[in-house]
Structure formats: C-alpha cells, structure tokens
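Following: one structure in structure tokens, then a few remarks.
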Amino acid sequence: NMDLSLMPGDVSDPFTVAKLCGQEFMTATINNDLNPVWNSDAFEFNVTSGDAKLHLEVFNSNFVCNHDSLGTVEVDLRYLAVGAAQTLVKVLDEGNSKSADREASIEVKLELIAPAAKSNLAGNKLKLRIIRASNLRNMDLSLMPGDVSDPFAVAKLGSLECKTATINNDLNPVWNSETFEFSIPIDNAKLHLEVFNSNWVTSNDSLGTVEIDLDDLGLGSSQTVIKALDEGASKQADKEASIEVELEVIAGTSVTALASTLEVKKPRFLKTEDWVPLPNFHAPGAYDRPAWSENNGYSGGKITPVHAYFSYACRLGQYDYKDTPTYYPAQAEVCRNTWADDPFHHWRKEGSVGF
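Numbering-wise (our numbering), the sequence shown opens with residue 3 and increments by one.
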C-alpha cells in the first residue's frame with residue numbers, strides 16, 4: 003500500500019503498463035485494491051526483435067504527485083512457444099520497498115502469433131457484392147407486429163471497410179448491394195463479413211460473422227458463395243443464419259509513375275504596387291510632351307517620357323505634374339523635397355543632387 007490510508011479502505015489504486023519494442027499499453031486503474039483483477043483487453047504488439055523482452059510495471063495512481071511504482075518484471079519472449087496461449091505468474095521486483103511478509107506478483111496471458119504468410123493473390127483486386135442473408139435472429143423488442151431486426155452487413159479486408167444499406171424489419175434481407183472493390187493485402191487475404199442489427203440508441207447488435215479465405219478463390223472467375231454465420235453464444239437452435247455474397251478476383255494493374263522534376267524559376271524582380279513603371283522609349287509618341295489640361299494638368303505624367311534627359315519630366319515620371327514642368331537640358335540641381343510622390347526617396351540622401 004502506497005496511499006496514506008487516512009480513511010478505512012484507502013489503499014493503493016493500481017494500474018499496469020506493458021512495454022515492448024517501443025510500443026506501450028496500459029490497463030484501467032482499480033481504486034483501493036491490493037489484489038486487483040483487470041482482465042484487460044488483449045494488447046497486440048509488433049515484435050521487431052528476436053531477443054525482445056516484455057516489460058511490465060505496476061503503478062499506484064496519484065492525482066497530485068508522480069505515480070508510485072509497485073514493482074516491475076521482464077518476460078523473455080524467446081522462451082514462449084509460437085501459437086500456444088500461456089498463462090504466466092511472475093514475481094514483481096519491488097526494489098527497496100520490498101516487504102518481508104509478502105511477495106507481490108502479476109499474472110498475464112501471452113500468445114506469440116506467427117507472421118501471416120504472404121497471400122498468393124496479393125496485389126490483385128477483389129470485387130464483392132453482398133446479395134442476402136437468411137435466418138437472422140431477432141434482436142428487437144417486437145413491441146409491435148413485424149418489429150424485428152433491421153440488418154445491414156459490413157465487409158472488411160485489410161484496412162478498408164464497406165457497408166450495405168439497412169433493411170428494416172427483415173430477418174431474410176436481400177441487399178443486392180453495389181460492387182465493392184478492395185485491394186488484396188500481402189499479409190492478410192481474409193475477407194471479414196459481419197451482419198448487424200441497427201439500433202438508434204444503443205450499439206448495433208452483431209447477428210453473426212464469417213471469414214472467407216481469398217486464397218481459395220481463382221483469379222478471374224466470379225463465384226457466388228453461401229457461408230454460415232457464427233452467431234456465438236446467441237446461436238439459434240432451430241435454424242442456421244447464413245450470408246450470400248458474389249466474389250471476383252481480378253488482376254491488379256501495375257502502373258509505374260515517373261515523377262518529373264519541374265524547376266520553378268523565381269522571377270528576378272517582384273512586382274509591387276510601389277514600383278514606378280519604366281517608360282517605353284520605342285513606343286509611338288514616346289518623346290512627345292504630355293498633354294495638358296486646365297482641369298487635370300498633365301495626363302500620364304508618371305509614365306510618359308519626354309525628350310530631355312535632364313529635365314523634370316524624364317526622371318522616370320517621379321513627380322505628379324501639379325505644377326507646370328520646366329524643360330531645360332542643363333538642369334543643375336534637383337531637390338527631392340519638391341516632389342509630392344517620390345518612390346525613390348529611400349535611395350537618396352538629404353541634400354543630394356539628382357541620382
């Protein structure tokens with residue numbers, strides 16, 4: 003016990019962490035119990051090393067401070083037989099907190115599963131149509147006449163899952179579904195089918211499952227298969243539920259895509275709204291004086307060049323023509339403070355002459 007026991011029955015709140023090959027799983031926490039029974043879900047690890055060891059550690063859960071370790075143990079997987087489930091009881095190493103009158107232990111159930119063999123049909127395609135199911139059991143309350151199960155079917159292959167429509171109040175539903183297409187994976191060529199009763203409030207009820215090994219099918223031929231559904235503990239005594247499907251394995255198309263590398267050239271200059279357009283000295287009228295209007299002043303003054311290189315007008319149109327421009331080739335000095343809108347002011351210094 004690692005709790006303070008301020009109240010009767012206030013003892014450790016244990017949970018267990020299992021680690022293997024960089025993967026980690028954790029059980030639920032059981033409060034105030036020194037002999038917890040988790041009966042956890044089956045945790046599945048991918049064993050990536052031949053000498054891997056399963057690390058188990060039990061903790062006391064704390065809300066404020068760090069969790070207290072109640073003991074650790076490692077299980078060497080090399081001594082386990084492949085394919086057989088084994089229950090092991092292992093003593094926990096409690097470190098310096100080990101007590102003299104008891105021995106902490108943990109019980110686990112382990113099973114090493116051999117890697118799945120590569121499917122003969124890997125890389126090909128499966129076309130599936132779910133036709134019908136028969137003799138399904140009723141899972142509804144039947145509060146009204148004809149109120150029976152509302153079945154739908156789910157097909158899974160690899161990571162892909164497809165589902166039929168739901169047919170209400172029918173123990174012998176006929177779906178005649180659309181054609182579902184799957185890619186057949188390398189390591190698991192078993193098609194998993196399960197029929198459910200649809201519920202609005204609670205979880206859907208399973209009406210039976212079946213697996214079909216696709217390696218038993220031929221490539222290129224369409225087959226209609228009727229399989230009995232495994233109803234588990236709810237199996238009916240007087241009839242057998244079944245499902246009918248249409249299967250076809252077709253050759254997969256191997257396409258080699260050549261990705262061309264496109265070199266995107268960045269422009270040398272980025273266009274911004276602050277830039278002043280350069281004059282086109284080859285355009286008709288390029289050397290004409292801008293037109294003058296008594297109301298609007300000179301038109302196009304900012305982009306229209308004139309003949310004199312050292313005049314106000316040819317300095318890339320940087321002034322606004324508010325006043326009548328003065329034209330003389332031997333312009334001696336330009337004061338940037340006279341321009342109402344000078345986009346080149348960052349390039350100049352106070353008191354500079356021209357450019």
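For each residue, glycine too, the CB sits at the ideal point set by N, CA and C.
| Query | Result |
| --- | --- |
| Run through DSSP, which three-state label would GLY97 get? | helix |
| Can we say the segment 104-117 touches the segment 146-154, given the rule of at least three CB pairs closer than 8 Å? | no |
| Beta carbon of MET4, beta carbon of ASN62: below 8 Å? | yes |
| Tell me whether ARG80 sits in a helix, a strand or coil according to DSSP, three-state version. | helix |
| May I ask you to list the residues that DSSP assigns as paired with GLY73? | VAL60 |
| Quick check: the segment 211-219 against the segment 190-199, are at least 3 beta-carbon pairs closer than 8 Å? | yes |
| Using 10 angstroms around the beta-carbon of ASP15, count the other beta-carbons present and answer buried if the total reaches 16, otherwise exposed. | buried |
| If you drop the 5 nearest sequence neighbours on each side, which residues of the same chain put their C-beta closer than 7 Å to that of ASN178? | ILE133 |
| Going by beta carbon distance, what residues of the same chain come within less than 8 Å of ASN174, once the five residues before and after it are set aside? | ARG134, ALA135, SER136, ASN137 and LEU138 |
| Can you tell me which of the three DSSP states SER224 falls into? | strand |
| Counting along the chain, where does the beta strand (DSSP E) carrying PHE182 start and finish? | 182-185 |
| Go ahead and label ILE169 buried or exposed: buried means 16 or more other beta carbons lie within 10 angstroms of its beta carbon, across all protein chains shown. | buried |
| Cutting at 7 Å between CB atoms, please list the residues of its own chain near ASN34, excluding the five before and the five after it. | GLY11, ASP12, VAL13 and ASP15 |
| Give me whichever residues DSSP pairs with LYS241 in a beta bridge. | Bridge partners of LYS241: none, in fact. |
| Going by beta carbon distance, what residues of the same chain come within less than 6 Å of LYS21, once the five residues before and after it are set aside? | HIS57 |
| Alpha carbon to alpha carbon, what distance is there between ASN64 and LEU6? | 11 Å |
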